[in-house]
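Read through the structure below, which is laid out as structure tokens, and then see the notes.
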Amino acid sequence: MCRKSAADIAKSELSKLLRRDQSIEFTSLDDNKENHDRYLFSLRDALKYSKGFHVSMKFIEIETVSKTNHQKYVDLYIEGHHRFPIAEKFSVHADGHS
Numbered sequence: 002m003c004r005k006s007a008a009d010i011a012k013s014e015l016s017k018l019l020r021r022d023q024s025i026e027f028t029s030l031d032d033n034k035e036n037h038d039r040y041l042f043s044l045r046d047a048l049k050y051s052k053g054f055h056v057s058m059k060f061i062e063i064e065t066v067s068k069t070n071h072q073k074y075v076d077l078y079i080e081g082h083h084r085f086p087i088a089e090k091f092s093v094h095a096d097g098h099s
């Protein structure tokens, strides 16, 4: 449990690691499921987390996603062709830039 929001944590921790021309977009979808595969992806590649992002005493498998599936995920999530409601959306920019 944490009192800070995911956006506050990401902004405070990641903004100092980015170059001036970089930013990260975060979108959390409300899919009403727990402990299933979750994906962290960019326009170039993706990682699959076997049990979501929850901290657990059990191991979480992390694997890369094939190029074919990556393109499907880009179409589905980045292009917005999903049917899930957006729970949260925010951007992280380099320190001092908005």
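Residue numbering for the sequence shown follows this note's numbering, beginning at 2 and increasing consecutively. Cβ atoms here follow ideal geometry from the backbone N, Cα and C, with glycine treated the same way.
By DSSP's assignment, A8 forms no beta bridge with any residue. Look at the beta carbons and you see the segment 10-21 not touching the segment 40-52: under three pairs across the two are nearer than 8 Å. In the structure shown, V66 adopts coil according to DSSP, grouped into three states. Cβ contact annotation for D76 (same chain, cutoff 7 Å, sequence separation greater than five): H82, in chain order. Spanning the alpha carbons of S29 and Q72 requires a straight line of approximately 19 Å.
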